[in-house]
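Asks: My structure is below; once you've seen it, I'll send some questions.
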Amino acid sequence: MPSVRVRPDLDAIPAYRPGLPVEPSGTAPRRTFKCSSNENPFPPLPGVLEAITAAGGEVNRYPDMACTGVTCAVAERLGVPAAHVVFGPGSVGVLQQLVTCTAAPGDEVVFAWRSFEAYPIVTQVAGATPVPVPLARDGRHDVDALAAAVTDRTRVVLVCSPNNPTGPVVTAAELACLLDAVPDDVLVVVDEAYGELVRDPEAADGLAEYRRRSNVAVLRTFSKTYGLAGLRIGYAIADEPVATALRKTSIPFGVSSIAQAAAVESLRQQDALLARVDTLVAQRERVVDALATQGWDLPTTQANFIWFPLGQRAVEFAQACEAAGIAVRAFPGEGVRVTIAEPEANDILLEVSRAWLG
């Protein structure tokens with residue numbers, strides 16, 4: 000029988016690789032840690048499980064497609080019009096909507112590389128052409144090279160700050176220079192999935208640029224510091240024409256009622272959230288300082304992960320981590336990303352990194 004014809008260009012799209020847990024080995028039980036997906040090691044914030052349970056009693060009904068409650072809560076907290084806030088199944092789901100509503104076959108999407116691995120995937124799914132621009136040697140966005148890569152075919156420029164998987168931020172001055180160089184009809188998306196963890200006073204503020212320029216959209220998520228990765232809820236803040244187009248390309252009822260209720264309750268727990276973020280940042284600084292003392296020269300991270308630019312030895316280092324009890328994310332031939340996790344997991348990383356240099 001003949002095969003069903005699917006788009007042949009899909010053969011060129013790489014599959015997204017999720018972080019995997021440590022595989023159990025041997026007979027002696029031991030605690031292992033997943034440090035491969037940049038997840039929050041903390042459980043949901045106070046009151047969130049109760050909100051989830053209550054919302055679970057209504058799962059026989061479709062969720063609010065407009066995400067009205069959480070949209071209003073975010074708009075009020077950030078001081079933006081509710082019409083400019085659009086929710087989707089994680090910030091990567093909203094990203095796919097952004098690319099779909101702006102780029103078509105023959106158009107180009109420019110982004111730094113290596114960066115979030117979903118960028119080329121969502122670009123190619125839309126039929127557009129990805130234009131990866133190499134990072135600078137220190138794992139930072141090369142803003143001048145990004146600007147130079149923009150052509151009359153460019154429809155979107157993606158800026159990941161802090162950059163996943165390397166960790167550095169784009170500074171406010173760098174983002175302003177890039178925006179000055181990009182035509183006003185090209186959408187610039189500032190992906191701030193790890194924004195709550197940033198402590199660099201010179202870091203770019205995507206929301207501030209959105210308020211100044213109509214071609215800037217900001218991506219944020221409840222997956223990371225809010226600890227709702229399993230519920231898939233994120234959002235974009237964009238000027239009304241872009242927001243309207245986003246709603247047209249959204250999956251109907253794509254954000255569950257449980258996710259919406261959990262996000263609303265999480266927003267009410269800002270004091271608890273900030274305490275947890277401070278704890279994660281303190282762990283990050285502890286690990287970074289220890290690695291520097293050991294002799295590592297790594298990119299400056301402002302996220303909840305660390306990048307080891309090990310090139311051809313990346314897989315070998317990842318295997319050493321797994322043997323010690325932590326799963327990490329290897330990018331073969333490039334480097335290894337390790338999530339800042341429970342203190343015990345961070346201690347294991349430091350033991351492996353010390354032995355590696357030794």
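Numbering that gives the first Met the number 0 puts the first residue of the sequence shown at 0, with every later residue one more than the last. We put the beta carbon where it would ideally sit given N, CA and C, even for glycine.
Please classify Pro368 as buried or exposed, where buried requires at least 16 other C-beta atoms within 10 Å of its C-beta.
Replies: This structure does not reach residue 368, given that the chain is present from 0 up to 357, and the question cannot be answered.
Asks: Can you tell me whether Pro80 is buried or exposed, with buried defined as 16 or more other CB within 10 angstroms of its CB?
Replies: Locating residue 80 in the sequence shown gives position 81, where the first residue counts as 1. Flag for Pro80 reads exposed.
Asks: Tell me the residue span of the alpha helix (DSSP H) that contains Ile347.
Replies: Numbered from its first residue, the sequence shown carries residue 347 at position 348. Where Ile347 is concerned, the enclosing alpha helix (DSSP H) stretches over 342 to 356.
Asks: Report the three-state DSSP secondary structure of Arg139 (helix, strand or coil).
Replies: The count along the sequence shown starts at 1 and reaches residue 139 at position 140. Coil, per DSSP.
Asks: At what residue ranges does the segment 110 to 180 contain a whole run of the beta strand (DSSP E), taking only runs of 3 or more?
Replies: 128 to 133, 153 to 159, all fully within the segment 110 to 180.
Asks: Tell me which residue opens and which closes the beta strand (DSSP E) that Val188 is part of.
Replies: As a first step, residue 188 must be located in the sequence shown, where it is residue number 189. First-last of the beta strand (DSSP E) with Val188: 186 to 190.
Asks: Ignoring anything shorter than 4 residues, give me the alpha helix (DSSP H) runs that lie fully in the segment 275 to 325, in order along the chain.
Replies: Listed in chain order, they are 313 to 323.
Asks: What residue from Arg152, Arg30, Cys66, Gly56 has the CA that sits closest to Ala103's CA?
Replies: As a first step, residue 103 is located in the sequence shown; it is residue number 104 there, counting from the start. Answer by Cα proximity: Arg152.
Asks: Please state if the CB of Ser255 and the CB of Tyr225 are separated by a distance shorter than 8 Å.
Replies: As a working note, residue 225 is residue 226 in the sequence shown. As a working note, residue 255 is residue 256 in the sequence shown. No; because the gap between Cβ atoms is not below 8 Å, this pair is not in contact.
Asks: So for Val197, helix, strand or coil by DSSP?
Replies: Here residue 197 corresponds to residue number 198 of the sequence shown, with the count starting at 1. Coil.
Asks: Between which two residues does the beta strand (DSSP E) holding Val337 run?
Replies: Residue 337 sits at position 338 when you count from the first residue of the sequence shown. That run of the beta strand (DSSP E) goes 334 to 338.
Asks: Just tell me which of Arg4, Ala317, Asp190, Arg267 has its CA closest to the CA of Ala117.
Replies: Taking the first residue of the sequence shown as position 1, residue 117 is located at position 118. The residue with the shortest Cα to Cα distance from Ala117 is Asp190.
Asks: I want to know whether the segment 60 to 67 touches the segment 89 to 99 - three or more CB-CB distances under 8 Å.
Replies: No: fewer than three Cβ pairs fall under 8 Å.
Asks: Using a Cβ-Cβ cut-off of 8 Å, state whether Val337 counts as contacting chain B.
Replies: The question asks about chain B, but that chain is absent: this structure has only one protein chain.
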